[in-house]
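Residue numbers (our numbering), protein chains in the order written: chain A, 3 to 224; chain B, 2 to 461.
Even glycine gets a Cβ: it sits at the ideal position worked out from N, Cα and C.
Data first, discussion second: the structure below is written as structure tokens.
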Amino acid sequence: MTALLEQLKICVERGKINKMSPYPPDLKDQDGADELAAAAVKQGLPPEDILQKSLVVGMSNIGKKFSEGKAFVPEMLMAAKAMKAAMVHLEPFFKSGAVKAKGTVVLGTVQGDLHDIGKNLVAMMVEGAGWKVVDLGVDVGPDKFKSALSDHPDGIIGLSALLTTTMVNMKGIVEQLKAENPNRVIMVGGAPLTQEYCSEIGADFYSPDPQGAIDYLNSLTT
Amino acid sequence: MKYKSLAIDHPKDLIFGYAPHTVKTRRGLTFGTGLVYPELNFTLPPMQVSKDNLKPISDQYRSIVHGALERALDLHTNGLVFEFEALLEMTRHPEIGVEIVKVMNDVCEEFYHKYQLKSEIRLTPNDLREFERPPRSRTSPLLDLMFELFDKGAKAGGDILSIESTGGKEISDDALMMCDIKASFFALAILGVRDMKMLWKRIVEIARRNNRIAGGDTACGFANTAMVLAEKKFIPKVFAALIRVLSVVRTIVAHEEGATGPDKDCGYEGPYLKAIAGIPISMEGKTAACAHFSPLGNIAAACADLWSNESIQNIKLLAGMAPTVSYEQLEYDTRLMNQAIRNGKESILHFQKLLCDSDAFLDPQAFILTPKNIIHISKEIIKGEGHLENAKNGCLKALDLMQEGVRSGSLKIEDKELVWISSLRDEVASIPVNEDAFIAQMMPLLDSSKFIPSEYGIFV
Numbered sequence: 003m004t005a006l007l008e009q010l011k012i013c014v015e016r017g018k019i020n021k022m023s024p025y026p027p028d029l030k031d032q033d034g035a036d037e038l039a040a041a042a043v044k045q046g047l048p049p050e051d052i053l054q055k056s057l058v059v060g061m062s063n064i065g066k067k068f069s070e071g072k073a074f075v076p077e078m079l080m081a082a083k084a085m086k087a088a089m090v091h092l093e094p095f096f097k098s099g100a101v102k103a104k105g106t107v108v109l110g111t112v113q114g115d116l117h118d119i120g121k122n123l124v125a126m127m128v129e130g131a132g133w134k135v136v137d138l139g140v141d142v143g144p145d146k147f148k149s150a151l152s153d154h155p156d157g158i159i160g161l162s163a164l165l166t167t168t169m170v171n172m173k174g175i176v177e178q179l180k181a182e183n184p185n186r187v188i189m190v191g192g193a194p195l196t197q198e199y200c201s202e203i204g205a206d207f208y209s210p211d212p213q214g215a216i217d218y219l220n221s222l223t224t
Numbered sequence: 002m003k004y005k006s007l008a009i010d011h012p013k014d015l016i017f018g019y020a021p022h023t024v025k026t027r028r029g030l031t032f033g034t035g036l037v038y039p040e041l042n043f044t045l046p047p048m049q050v051s052k053d054n055l056k057p058i059s060d061q062y063r064s065i066v067h068g069a070l071e072r073a074l075d076l077h078t079n080g081l082v083f084e085f086e087a088l089l090e091m092t093r094h095p096e097i098g099v100e101i102v103k104v105m106n107d108v109c110e111e112f113y114h115k116y117q118l119k120s121e122i123r124l125t126p127n128d129l130r131e132f133e134r135p136p137r138s139r140t141s142p143l144l145d146l147m148f149e150l151f152d153k154g155a156k157a158g159g160d161i162l163s164i165e166s167t168g169g170k171e172i173s174d175d176a177l178m179m180c181d182i183k184a185s186f187f188a189l190a191i192l193g194v195r196d197m198k199m200l201w202k203r204i205v206e207i208a209r210r211n212n213r214i215a216g217g218d219t220a221c222g223f224a225n226t227a228m229v230l231a232e233k234k235f236i237p238k239v240f241a242a243l244i245r246v247l248s249v250v251r252t253i254v255a256h257e258e259g260a261t262g263p264d265k266d267c268g269y270e271g272p273y274l275k276a277i278a279g280i281p282i283s284m285e286g287k288t289a290a291c292a293h294f295s296p297l298g299n300i301a302a303a304c305a306d307l308w309s310n311e312s313i314q315n316i317k318l319l320a321g322m323a324p325t326v327s328y329e330q331l332e333y334d335t336r337l338m339n340q341a342i343r344n345g346k347e348s349i350l351h352f353q354k355l356l357c358d359s360d361a362f363l364d365p366q367a368f369i370l371t372p373k374n375i376i377h378i379s380k381e382i383i384k385g386e387g388h389l390e391n392a393k394n395g396c397l398k399a400l401d402l403m404q405e406g407v408r409s410g411s412l413k414i415e416d417k418e419l420v421w422i423s424s425l426r427d428e429v430a431s432i433p434v435n436e437d438a439f440i441a442q443m444m445p446l447l448d449s450s451k452f453i454p455s456e457y458g459i460f461v
């Protein structure tokens, strides 16, 4: 691997977006993923190599560190932003769709519930993992999910709730969405949720943390 | 900021059970006078909350209060507080919330008249404004519903008025996830402070009109969110500790506007409010593990005047219903603290030292809650002119203390967190103390779809 690709990998892993970005402090005033990806393209390095040997490896490294408890969420999110900045320079080369999103995830906090930081965290991390996210916000009932699915027919649904008195609203949403399409994949999460409850209401997947949701989503693509 | 000197300026006077400005309730509970009281909080088991379901919901609340009061008689309590933390539908339809307060108050009255058992209700409506995105903090019609529950709920028997208000949370949420300390400053020291002024002016007025107690607020949606994220290892603990210190300048606004305390249990910034404003405070610690984990189980009790459990579901356990069980745990904890008080100041300080020493070394969020560090940081928080400057001074002092704690071996911080202390210091130090200058600096950096500046009196 060239020194340039190695440096680009480090910038993605460390979340160095561009020369102007102050983060991380020890890389201040140095070129970031944006400038290095542009330089790699200009040098004529194969786009596939730039993607697979540099960007993907950088993201994979930070993901591994996070899973091992050696990195924090903001470091993951900064890495995702750096990757996005680099991808801008590669997109023209992937007309075939090789860099298209892995799929679409439609997320919402269920009706009657305003708690959304967990859902937002899932949205950011799922997006960073290469998925398109449609975030419907809070207090979302079945009709809003159905409406979003008419625009994203293959969308995977993610339902969130924080209260014992609002998680019960998941049941109706799952029933209605499954009635329309029994193959619709529905994930659930939130503090009061359990695997038991997930199974009871007919949802497909429960995870106590965002990483579990990402692993599950990625498993659907393989 | 209104406060220019500390109500308690020595760590040895920042203790549980005593507050400079005591508060007495209508049935005779006296907070801050040398007794620590249990404060029981509870929630429903999984069930629908709606107007059509009011009877079974009321029955749940009635039985919870009845069960706890019966146990309280057996345990010879000095008295207790029930916190009615409304569920969203109960504020969205205030008549539901009012009916539940009435049901609970009837049981409290019955035990007061039959057995002279003193109990009171803390009424905590929801901040509904979050239903709208971006929220209309000042002009939303949802505010009317919140104030309706405050007013009618106070008339129905709610004695202490509190809220977990959320002004500025729309900026804070992303700031926490990105560990963006400048955006957190904007959320808490600019937006939060402005919103609290508006909100608490009205809550204090409602309390006065109804001869009730304006308790206080909590930065639950800010600093406790940070604490939970840190507990899940999503963000650094030093960042969460800093958000706690930052939250002080926001939560204290309730008391600048006339709230007398007791401040609400989930505000772990409470001991700072006690040191600065002299109000009695409610706290929650290991007894709140039924609702959420925290690294503050023991130290949270160090300065408490009420001792709470945050929230427990009304489900059956071996001994009985969970709220009754939780109440018993609170009663025994407070009995122990009250025995220490009866034994004298030396005994209080010894007990407090055990509570602090057992937690403070292990986590920066606990470290900044030792009475000594609270006084050090509080002195900085009142030193400047405005809330922003005070927040900056307090946070810089907290970072210095954490750094010194690590150096001296009195605070353990994981290696991966150490780098955050210096980077956070650089960020905080670069914040201008002039509000207008800070607002001008931040506005281009914030997501304009997330908040409405004019709803906070910001016109640029």
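Exercise for the section: For residue 122 of chain A, go through chain B and note every residue whose CB falls closer than 8 Å to its CB, in chain order. Expected result: As a working note, residue 122 of chain A is residue 120 in the first sequence. For residue 122 of chain A, the chain B residues whose C-beta falls within less than 8 Å of its own C-beta are 174, 175 and 178, listed in chain order.
Considering only DSSP beta bridges, list what residue 322 of chain B is partnered with.
Locating residue 322 of chain B in the second sequence gives position 321, counting from the first residue. For residue 322 of chain B, which the question treats as bridged, DSSP gives the partners B:317.
Strictly by DSSP, which residues pair up with residue 82 of chain B? Within the second sequence, the letter at position 81 stands for residue 82 of chain B. Per DSSP, B:40 and B:121.
Task: Cβ neighbour criterion (16 or more within 10 Å) applied to residue 432 of chain B - done: Working through the second sequence from its first residue, we reach residue 432 of chain B at position 431. Answer is buried; the Cβ neighbour count reaches 16.
Would you say residue 155 of chain A lies against chain B (beta-carbon separation less than 7 Å)? Here residue 155 of chain A corresponds to residue number 153 of the first sequence, with the count starting at 1. Not a single C-beta of chain B is nearer than 7 Å to the C-beta of residue 155 of chain A.
- Tell me residue 208 of chain A's beta-bridge partners as DSSP assigns them. For the purposes of this step, residue 208 of chain A is taken as residue 206 along the first sequence, with counting starting at 1. Under the DSSP definition of a beta bridge, residue 208 of chain A partners with A:190.
Beta-carbon proximity list for residue 379 of chain B, same chain, < 6 Å, skipping 5 on both sides: Indexing the second sequence from 1 puts residue 379 of chain B at position 378. These residues qualify, in order along the chain: 7, 273, 276 and 277.
* To do: Below 7 Å CB to CB, which residues in the same chain sit around residue 457 of chain B once its five sequence neighbours on both sides are set aside?
  => By one-based count along the second sequence, residue 457 of chain B stands at place 456. The beta carbon of residue 457 of chain B lies closer than 7 Å to those of 138, 192, 195 and 196 in the same chain, with the five residues before and after it left out.
Q.
I'd like to know if the stretch 39-53 of chain B and the stretch 153-167 of chain A are in contact, where contact means that at least 3 CB-CB pairs between them fall below 8 Å.
A. Enough Cβ pairs lie closer than 8 Å, so yes.
Between the stretch 397-413 of chain B and chain A, which residues of the former have CB atoms less than 9 Å from a CB of the latter, in chain order? Taken residue by residue, none of the stretch 397-413 of chain B has a beta-carbon sitting less than 9 Å from a beta-carbon on chain A.
Could you name the residues of the same chain whose beta carbon sits closer than 7 Å to that of residue 127 of chain A, not counting the 5 residues immediately before and after it, in chain order? Position 125 of the first sequence, counted from the first residue, corresponds to residue 127 of chain A. These residues qualify, in order along the chain: 78, 212 and 216.
Beta-carbon gap between residue 57 of chain A and residue 88 of chain A smaller than 7 Å: The residue given as residue 57 of chain A occupies position 55 in the first sequence. The residue given as residue 88 of chain A occupies position 86 in the first sequence. Contact flag set, yes.
### Message
Between residue 167 of chain A and chain B, is the shortest Cβ-Cβ distance under 7 Å, so that the two count as touching?
### Response
Taking the first residue of the first sequence as 1, we reach residue 167 of chain A at position 165. Under the Cβ distance rule, residue 167 of chain A counts among the residues neighbouring chain B, one pair being separated by less than 7 Å.
Any beta carbon of chain A sitting closer than 7 Å to that of residue 226 of chain B? Within the second sequence, residue 226 of chain B is the residue found at index 225, counting from 1. Yes, contact with chain A.
Quiz item: With C-beta atoms as the reference, is residue 85 of chain B less than 7 Å away from residue 443 of chain B?
Solution: Numbered from 1 along the second sequence, position 84 holds the residue referred to as residue 85 of chain B. Numbered from 1 along the second sequence, position 442 holds the residue referred to as residue 443 of chain B. Contact: no.
Do residue 214 of chain B and residue 158 of chain B have their C-beta atoms closer together than 7 Å? Position 213 of the second sequence, counted from the first residue, corresponds to residue 214 of chain B. Position 157 of the second sequence, counted from the first residue, corresponds to residue 158 of chain B. Taking a C-beta distance under 7 Å as the contact criterion, residue 214 of chain B and residue 158 of chain B do not qualify as a contact pair.
Legend entry - Any C-beta of chain B under 7 Å from that of residue 12 of chain A: To locate residue 12 of chain A, count along the first sequence from 1; it is residue 10. For residue 12 of chain A, the answer is no, since every Cβ of chain B falls outside 7 Å of its Cβ.
Environment of residue 116 of chain B [buried if 16+ CB atoms lie within 10 Å]:
Translated into the one-based positions of the second sequence, residue 116 of chain B becomes position 115. Burial state of residue 116 of chain B is exposed, judged by a 10 Å Cβ sphere holding fewer than 16 other Cβ atoms.
Open item on the list: Give me, in chain order, the residues of the same chain whose beta-carbon lies closer than 6 Å to that of residue 60 of chain A; leave out the 5 immediate sequence neighbours on both sides.
Closed with: Counting from 1 along the first sequence, the entry for residue 60 of chain A is found at position 58. The beta carbon of residue 60 of chain A sits closer than 6 Å to those of 11, 14 and 15, all from its chain and outside the five residues before and after it, given in chain order.
task: Counting only runs of 4+ residues fully inside the stretch 45-93 of chain A, write out the alpha helix (DSSP H) ranges in chain order.
output: When DSSP assignments are scanned along the stretch 45-93 of chain A, the uninterrupted stretches of alpha helix (DSSP H) that are 4 or more residues long and fall wholly within it turn out to be 58-69 and 75-92.
- Going by the CB atoms, is the gap between residue 337 of chain B and residue 247 of chain B shorter than 7 Å? Taking the second sequence and counting its residues from 1, the one referred to as residue 247 of chain B is at position 246. Taking the second sequence and counting its residues from 1, the one referred to as residue 337 of chain B is at position 336. Note that the C-beta distance between residue 247 of chain B and residue 337 of chain B is not below 7 Å.
task: Find the nearest neighbour of residue 184 of chain A within the set A:44, A:72 and A:176, judged by alpha-carbon distance.
output: Looking up residue 184 of chain A in the first sequence gives position 182. Looking at A:44, A:72 and A:176, the one whose alpha-carbon comes closest to that of residue 184 of chain A is A:176.
Practice item. Pull up the distance between the alpha-carbon of residue 439 of chain B and that of residue 389 of chain B, whole angstroms please. Key: As a position in the second sequence, residue 439 of chain B is number 438, starting the count at 1. As a position in the second sequence, residue 389 of chain B is number 388, starting the count at 1. About 9 Å.
Margin query: Determine, for residue 336 of chain B, whether the minimum Cβ-Cβ distance to residues of chain A falls below 7 Å.
Written below: Taking the first residue of the second sequence as position 1, residue 336 of chain B is located at position 335. Taking a beta-carbon distance threshold of 7 Å, residue 336 of chain B does not count as an interface residue toward chain A.
Inter-residue spacing [alpha-carbon to alpha-carbon] between residue 418 of chain B and residue 125 of chain B
Within the second sequence, the letter at position 417 stands for residue 418 of chain B. Within the second sequence, the letter at position 124 stands for residue 125 of chain B. One C-alpha to the other measures close to 36 Å.
Range of the contiguous alpha helix (DSSP H) that encloses residue 4 of chain A: Against the first sequence, residue 4 of chain A aligns to sequence position 2. In the DSSP annotation of this structure, residue 4 of chain A is not part of any alpha helix (DSSP H), being labelled neither H nor E.
- Message: Quick check on residue 421 of chain B: does DSSP put it in helix, strand or coil?
- Response: In the second sequence, the residue the question calls residue 421 of chain B occupies position 420. Helix.
Problem - One or two residues paired with residue 285 of chain B in a DSSP bridge - result: Within the second sequence, the letter at position 284 stands for residue 285 of chain B. According to DSSP, residue pairing for residue 285 of chain B in a beta bridge involves B:309.
By the 9 Å beta-carbon criterion, what residues does the stretch 161-186 of chain A contribute toward chain B? From the stretch 161-186 of chain A, only 165, 166, 167, 168, 169, 170 and 171 have a Cβ closer than 9 Å to chain B.
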